[in-house]
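**Q**
There are 2 protein chains.
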Amino acid sequence: MKTYGVIMAGGGGTRFWPLSRKKIPKQLLNLSGKDIMINETIDRLSRVADYENIFIVTNAAQKSEMLNLVDGRIVENHIIAEPAARNTAACIGYAAIELIKKYGDGIMVITPSDAYIKDVNKFADILKIAVKEAENTNKLITIGIKPTFPATGYGYIKYAKSSDAVKTVLKFVEKPDRETAEKYLADGGFVWNSGIFVWKASVILEKFKKLQPEIYSYLQRISDALNKPDEQRLIEELYPLIPSISVDYGIMEKSDDIVVVPGDFGWNDIGSWDMFNVLHAEDSCGNIRTGDALTIDCKNTTVYSSGKLVAALGVDNIVIVETPDAIMVCAKDKAQDVKKIVDELNANGREELL
Amino acid sequence: MKTYGVIMAGGGGTRFWPLSRKKIPKQLLNLSGKDIMINETIDRLSRVADYENIFIVTNAAQKSEMLNLVDGRIVENHIIAEPAARNTAACIGYAAIELIKKYGDGIMVITPSDAYIKDVNKFADILKIAVKEAENTNKLITIGIKPTFPATGYGYIKYAKSSDAVKTVLKFVEKPDRETAEKYLADGGFVWNSGIFVWKASVILEKFKKLQPEIYSYLQRISDALNKPDEQRLIEELYPLIPSISVDYGIMEKSDDIVVVPGDFGWNDIGSWDMFNVLHAEDSCGNIRTGDALTIDCKNTTVYSSGKLVAALGVDNIVIVETPDAIMVCAKDKAQDVKKIVDELNANGREELL
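These protein sequences, in sequence, are chains A and B. Once you know that position 282 of the first sequence is 282 in the numbering used here, the rest is easy, because the numbers rise by one and skip nothing. Once you know that position 28 of the second sequence is 1028 in the numbering used here, the rest is easy, because the numbers rise by one and skip nothing.
1. So is A/K26 in contact with chain B if we call contact Cβ pairs under 7 angstroms?
2. Which one of A/N348, A/G13 and A/F276 has the shortest CA to CA distance from A/V319?
3. Inspect the CB distances between the segment 46 to 61 of chain A and the segment 199 to 213 of chain A and report whether three or more fall short of 8 angstroms.
4. Assuming A/V329 is part of the alpha helix (DSSP H), what are its boundary residues?
5. For a contact meaning CB atoms closer than 8 angstroms, what does A/I318 contact in chain B?
6. Would A/F123 be called buried (16 or more neighbouring beta carbons within 10 Å of its own) or exposed?
7. For B/D1337, does the three-state DSSP call read helix, strand or coil?
8. Identify, in the order they occur along the chain, each residue of the same chain with its Cβ nearer than 7 angstroms to the Cβ of A/A201, setting aside the five sequence neighbours on each side.
9. Could you spell out where the beta strand (DSSP E) holding A/L219 opens and where it closes?
10. Of all the CB atoms in chain B, is at least one closer than 7 angstroms to the CB of A/D325?
11. Given that B/D1274 touches chain A, what residues does it touch there, using C-beta distances under 9 angstroms?
12. B/T1148 by DSSP, collapsed to three states: which one?
13. Taking A/I129 as the reference, give the member of A/E214, A/S223 and A/P262 with the closest Cα.
14. Taking all protein chains shown into account, decide if A/C298 is buried (16 or more other Cβ within 10 angstroms of its Cβ) or exposed.
15. What does DSSP give as the partner residues of B/W1199 in its beta bridges?
16. Check B/T1323 in the structure and name its three-state DSSP category.
17. Between the segment 290 to 302 of chain A and chain B, which residues of the former have a C-beta closer than 7 angstroms to a C-beta of the latter?
18. Would you kindly check if the distance between the Cβ of B/K1334 and the Cβ of A/G314 is under 7 angstroms?
19. Assuming B/A1089 and B/Q1220 are in contact, meaning their beta carbons sit under 8 angstroms apart, how far apart are those beta carbons, in whole angstroms?
20. Output yes if chain B places a C-beta closer than 7 angstroms to the C-beta of A/K334; else output no.
21. Which residues, in chain order, does the segment 1004 to 1027 of chain B contribute to contact with chain A at a C-beta distance below 8 angstroms?
22. What is the rounded straight-line gap between the Cα of B/Y1103 and the Cα of B/G1072?
23. Check for me: the alpha helix (DSSP H) holding A/K22 runs from which residue to which?
24. Under the assumption that B/G1144 contacts B/V1070 (Cβ atoms under 8 angstroms), give the Cβ distance between them as a whole number of angstroms.
25. Among A/K23, A/Y218 and A/L67, which has the Cα closest to the Cα of A/G12?
26. Any beta-carbon of chain B closer than 7 angstroms to the one on A/E322?
27. Note down, in chain order, every chain B residue with its Cβ under 9 angstroms from the Cβ of A/E344.
28. Taking the beta strand (DSSP E) that B/V1310 falls in, what are its first and last residues?
29. Examine chain A for any beta-carbon lying closer than 7 angstroms to the beta-carbon of B/I941, and answer yes or no.
30. Step through the CB atoms of chain A and report whether any lies within less than 7 angstroms of the CB of B/L1170.
31. Decide yes or no for the touch test of the segment 1150 to 1166 of chain B against the segment 1180 to 1189 of chain B: beta carbon pairs closer than 8 angstroms, at least 3 of them.
32. Within a Cβ cutoff of 6 angstroms, which residues of the same chain sit near B/I1327, ignoring the five residues on either side of it in sequence?
33. Starting from the beta carbon of A/D337, find every residue of chain B whose beta carbon is closer than 8 angstroms, and list them in chain order.
34. CB-CB under 6 angstroms to B/L1226, same chain, minus the five flanking residues each way: which ones, in chain order?
35. Using only the alpha-carbon positions, how far apart do A/A293 and A/V321 sit?
36. Give the range of the beta strand (DSSP E) segment to which A/T88 is assigned.
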């Protein structure tokens, strides 16, 4: 059975503003200084799916820039453009029918486009276990991340402890408070929900049919339109009507045959600027300097310059980002709120900065 | 008797980096948004000295830019260029001999070029008292600033309490610690040393003769050279040899006939970026935004943009300055250390940023 890589890359580019923009969202940024995140994701996936079997689902606005930047890794018709953002359930369902109808059933290895993974070999080993399980069973398989600290920013998966690599999922739990997160960490039977899924395309469609019949009916109508002359027009008409729900809520939490493969490969979703230290070495005072940057009497301060000199003096726990048309300075513990700046610029009609 | 204005404008431009540079030091900056500081200084002085009797002492590097920027207020030969920086005693002595030899004895009203004064009318009234005293006596007159808080960054002058506007100086005291400053404030018999002096040119030269004979001998030799064909060459030869000492140490503290006119006219030396609030209104959270600036969830934060958008998020007590070639972010209570950045850039050979 073929293994497909499916990369969900619809991110809107607000969390790493001012470096990320609508047209250059985080997955197209080279935050590590090595390559853009989506290329690192493609190359990682190629350990379990041939390049010619890897697909990207993104939005129409990003498609042409993305095609440019993946630099030959992915051909144009493997970059699937959603006519509208309808959350992960629609995205995955659409990819499933596209694959089945045009390329034949197979195992989908679905991942976000913009996470960091330190140990690519370990990651590939975990994926191989999951692919084998998907081949041999009709289960929904998710990759869990062994927690390394009591994170309050991720959802958790509780599983039945066993000596098997593939474990039965007992329940999904929402982002916990600190105390609860500490309990999960101590318990040892919890992993972070990475948003990486492995299953047969036909199996997930069956799940849609059973658990999300409305979404399924739209997927059926889109499926009927595929390979027809007015395919594009029909998809543009139907897709925006699909109910918007995440695959976690819509499918995973409602299913009783989910398994998880816990992995420990140095995963980080690099969700905001305060995670920049995952990608770059800190000096002895916890400072990171990228580009033409100077830190004097600073602690735990990240300075990202894309051109001009940025000098920081006597500040602690600050992120400073310089781009050709905007400068951002934020408290590290407010890095999750960078979207507030984007919202304000939006409200002020500052399109040129978004 | 004529009244001369003498503006000491040799500042090197490090304290307001990156806005101030060697060629555009603080006195040539428009920090208030109204006019450059030296022009505000000239216009204030014009209340007691006609424009054609106002002189600037600066360094050779700044002279041509300064001539441009004073915009016709001062003619070229009234901008006296020191061949080297030799502190305020030499600067004032040089101005005194230049005035006497070329324009005749008169009262010198000597001020720094880069202080802020809120109430120009009150300032002029105080200066008029001092000028009258200088006319009627041979005393050295200094303008004292009634302290409004226990400042530790200024020198103080202790005077004999009396009901007269002109008071006898008892002693000069160095920058005090906080506790001492509080005592001075409570005592009521202390004023800040503003660096504003009023005296006859002939009187201060007599003081040099008596108290600083070595400096005086150089001044004499320079005086002999004035109006001669090789004036410029001789000054360039002699001036750098003058001992470097401040007029406070060299003359004021050694004299016993000093008087002070205490004034209360909203004086501030705007010594560093943390004083920017003297020039600009703060919002209800203590933030100041100049240019294309955005503050979200910030407190007591100053953002100065000279062009690009600068967005600050969730930071307190920070100064952010954007210029076309450099960005500076510093803790407000470290604003006095901005020179450290300049020193570092100097050490790194970054001439283009100095």
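Just so it is clear, CB atoms sit at the ideal spot from N, CA and C, and this is done for glycine as well.
**A** Short version:
1. no
2. Restricting attention to A/N348, A/G13 and A/F276, the CA atom closest to the CA of A/V319 is found in A/F276.
3. Result no; under three Cβ-Cβ pairs closer than 8 angstroms.
4. Run containing A/V329: none in the alpha helix (DSSP H); it sits in the beta strand (DSSP E), A326 to A331.
5. Under the 8 angstroms cutoff, chain B gives V1315, I1318 and V1329.
6. When all chains shown are included, A/F123 counts as buried.
7. helix
8. A96, L99, I100, D105, G106 and M108
9. Membership of A/L219 in any beta strand (DSSP E) is not indicated; the residue belongs instead to the alpha helix (DSSP H) covering P213 to A225.
10. yes
11. Residues of chain A passing the Cβ test: none, with the nearest at roughly 11 angstroms.
12. coil
13. A/P262
14. buried
15. Bridge partners of B/W1199: B/M1108.
16. Assignment of B/T1323 by DSSP, reduced to helix, strand and coil, places it in the coil class.
17. Cβ contacts with chain B: L294, I296 and D297.
18. yes
19. With 8 angstroms as the limit, B/A1089 and B/Q1220 do not qualify as a contact, their Cβ atoms being about 15 angstroms apart.
20. yes
21. P1018
22. 20 angstroms
23. Segment: none, A/K22 is in no alpha helix (DSSP H) and carries neither H nor E.
24. Not a contact, Cβ separation roughly 28 angstroms.
25. Answer by Cα proximity: A/K23.
26. Output row for A/E322: interface = yes.
27. L1294, I1296 and A1311
28. B/V1310 -> beta strand (DSSP E) spans L1309 to L1313.
29. Any question about residue 941 of chain B goes unanswered here, given that chain B covers just 1001 to 1354.
30. With 7 angstroms as the cut-off, B/L1170 does not count as an interface residue toward chain A.
31. yes
32. none
33. Ordered by position in chain B, the residues that pass the 8 angstroms Cβ test against A/D337 are I1296, D1297, L1313 and G1314.
34. K1101
35. 10 angstroms
36. Segment N87 to Y103 is the alpha helix (DSSP H) holding A/T88; no beta strand (DSSP E) there.
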